[in-house]
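Numbering (my numbering), first residue to last: 433 to 598. Worksheet: one structure, shown below.
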C-alpha cells in the first residue's frame with residue numbers, strides 16, 4: 433500500500449525581499465517514511481488549510497476592500513496573503529498598524545508566493561497573516577475581531593466612502 437505524502441520545502445533564494453519565489457510541493461511519500469511522520473504532515477496541512485478556510489469565510493464580507501487567497505486542496509499554507517485594493521477607503525498601512533497594535537503580525541516575509549507590488553503604495557498593499565497550525569480558534573477569532581473593529585471605525589469616520597464594505 434502506498435503512503436500518502438511528504439513535504440518537500442525548498443527555498444530558492446536566501447533573500448527575504450518581496451518577490452522571492454519558494455517552491456513548496458506535496459509529494460508522494462517514500463516507503464521508508466514512518467506512518468507517524470506521514471500522519472503528522474497530514475495534520476499540519478489540514479490545520480493550516482482550516483485556518484485559511486476560517487479567515488476566508490470571516491473576511492469574505494470585506495472583499496470589496498480585500499483580495500484574499502483561494503482555498504486549494506492539497507496546498508500547504510504557511511501564510512494568509514491579503515491585498516488591500518486601491519478602492520479601499522483606507523491605506524494598507526492603516527490596517528497593518530491596527531493589526532500590529534493588537535499584536536497580530538503582518539509581514540511580507542511569510543509569503544511563499546510572489547507578491548505583486550502595487551504602483552501607488554510602494555508595495556505595502558500586500559501583507560501576510562499567520563495561519564500556522566498552532567493558532568487556536570481563539571487566536572483566529574481575535575484576528576477577525578481586530579479586522580472588524582478596524583472596519584467599523586473606518587465606516588464611522590468615513591461613512592460615504594466606506595458604505596460598500598460589509
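For glycine and all other residues, C-beta sits at the position ideal for the given N, C-alpha and C.
Residue j beta carbon less than 9 Å from that of residue i
| i | j | result |
| --- | --- | --- |
| residue 476 | residue 570 | no |
| residue 503 | residue 485 | yes |
| residue 556 | residue 528 | yes |
| residue 472 | residue 497 | no |
Nearest to residue i (by Cα), restricted to the options the options
| i | options | result |
| --- | --- | --- |
| residue 563 | 498, 524 and 514 | 514 |
| residue 479 | 568, 580 and 468 | 568 |
| residue 536 | 559, 523 and 521 | 559 |
| residue 580 | 557, 590, 540 and 531 | 531 |
| residue 583 | 469, 470 and 492 | 492 |
| residue 588 | 522, 489 and 466 | 522 |
Which residues DSSP lists as bridging residue i, in chain order
| i | result |
| --- | --- |
| residue 476 | Answer is none; residue 476 lacks a bridge partner. |
| residue 539 | 560 |
| residue 512 | 561 |
| residue 499 | 515 |
Residue i at chain D interface by Cβ criterion, 9 Å
| i | result |
| --- | --- |
| residue 588 | Here chain D cannot be found, since the structure has a single protein chain. |
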